[in-house]
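Each protein sequence line maps, in turn, to chains P and U.
Under the numbering used here, think of the first position of the first sequence as 157, with each following residue one higher.
Under the numbering used here, think of the first position of the second sequence as -17, with each following residue one higher.
A short worksheet on the structure shown next.
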Amino acid sequence: VGRRPLRRILLVEDDPDIQTVAALALQEVGGFTVAVCGSARDAVRTASAFGPDLILLDVLLPGMDGTTAFEELRRLPATARTPVVFMTAKVQPQELARYDRLGSLGVIAKPFDPMRLSDTLNGFWRERHG
Amino acid sequence: MGSPLDGARARFEALRRTFAEELPGKLLGIEQTAASLAEKGWDADLAESLYVQAHRLSGSSGVYGFTSVSRAGSALEQWLAALIPRPDRPLGALRAELWSLLQGLRDAFSSSEPAGEGSGRNRPG
């Protein structure tokens, strides 16, 4: 993987208001190519074809929650090793410990600053890829 | 000619204005669900629906700069998160706590000033 830049992000978020502002931030501030999914099931269906470099995953999602989606995505060959960043208001110490145990790359606490979202993700990416 | 970041800021500001216009409707939805819950007594589906509405309001209003609304929404969300697994307190006490949290939400909305220019004009009367 080396030093290749972060380019493609799969955004999984069910709230349309946050979906809109996060997608705008990632596309226009970060310059990323973004696919947006409104549910975990949609993300599991979409991920292989889109081929994201990174998945930005809400935790409280209808139907299948984000941590279950994480495990489902790990079972897909195309996303078995794709870095996942959780984006959530659930940031109590025991919750953060759970995301860490799952193997997430990082956590973005809601509410987040849209203008800084891309920089934060690039920071996580650099930590992983040098 | 403005930079791409200036363009993004302008679009964020437009989104924030739209969100401000829609905020009264979101609050009304929460009030209606809460009123149904108080009227019917404990109902797990209604409580779950109210929890999701409060969670969404807390997250989205924070992202759009309505910090006090976000905090008040989070307080309602946390109260419901603790209550939903064990709704065993007397209904009268639950109603009183629920009205207090809703009043906190109304107060936060009435006094909120989002962080961008031109927004925050569309408060309920």
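All C-beta atoms, glycine included, are put in the ideal place defined by N, C-alpha and C.
Within chain U, the residues that P/ARG268 reaches when beta carbons sit closer than 7 Å
Residue identity check: residue 268 of chain P is Phe in the sequence provided, not Arg. In chain order: VAL45.
What distance in whole Å lies between the Cβ atoms of P/LEU213 and P/PHE242, which are believed to be in contact at a cut-off of 8 Å?
6 Å
If you draw a straight line from the alpha carbon of P/THR235 to that of U/ALA17, how long is it in whole angstroms?
44 Å
Sequence-distant residues of its chain with Cβ nearer than 8 Å to U/LEU28 (five each side left out)
Closer than 8 Å at Cβ, skipping near neighbours: THR15, SER18, LEU19, LYS22.
Contact between the segment 54 to 69 of chain U and the segment 176 to 190 of chain P (3+ Cβ pairs under 8 Å):
Contact fails: fewer than three Cβ-Cβ distances are below 8 Å.
For the candidate residues U/ALA(-10), U/HIS37, U/GLY7, U/ILE12, whose alpha-carbon lies nearest to that of P/LYS246?
U/HIS37
Run through chain U and tell me which residues come within less than 8 Å of P/ILE165, C-beta to C-beta.
Using a Cβ-Cβ cut-off of 8 Å, P/ILE165 is close to nothing in chain U; its nearest Cβ partner there is about 16 Å away.
Measuring straight from C-alpha to C-alpha, what distance separates U/PRO(-14) and U/GLY86?
39 Å
Please work out which residues of its chain come closer than 7 Å, Cβ to Cβ, to U/ARG77, disregarding the five sequence neighbours upstream and downstream, and give them in chain order.
ALA20
Please tell me whether U/PHE91 has its Cβ less than 8 Å away from any Cβ of chain P.
No, U/PHE91 lies away from the interface with chain P (no Cβ there is under 8 Å from its Cβ).
If you pair each beta-carbon of the segment 0 to 11 of chain U with each one of the segment 275 to 284 of chain P, do three or more pairs fall below 8 Å?
no
Same chain, Cβ closer than 8 Å to U/SER31, five either side skipped, listed in chain order
Excluding the 5 residues flanking it on each side, U/SER31 has same chain C-beta neighbours closer than 8 Å at THR15, in chain order.
Do we get a CB-CB distance below 8 Å when we pair U/PRO(-14) with the residues of chain P?
Cβ-Cβ to chain P under 8 Å: yes for U/PRO(-14).
P/ASP275 bridges to which residues according to DSSP?
P/ASP275 pairs with nothing; no bridge assigned.
Starting from P/GLY262, trace the beta strand (DSSP E) both ways and give me its first and last residue.
262 to 265
Using a Cβ cut-off of 9 Å, which residues of the segment 53 to 85 of chain U contact any Cβ in chain P, in chain order?
SER56, GLU59
Between the segment 201 to 211 of chain P and the segment 171 to 180 of chain P, are three or more C-beta pairs nearer than 8 Å?
no
Find the nearest neighbour of U/GLN35 within the set P/LEU162, P/THR223, P/ASP170, judged by alpha-carbon distance.
P/ASP170
is_contact[P/LEU180, chain U] using C-beta, thresh 8 Å:
Between P/LEU180 and chain U, the shortest Cβ-Cβ separation is below 8 Å.
Report buried or exposed for P/LEU277, applying the criterion of at least 16 other Cβ atoms within 10 angstroms of its Cβ.
buried
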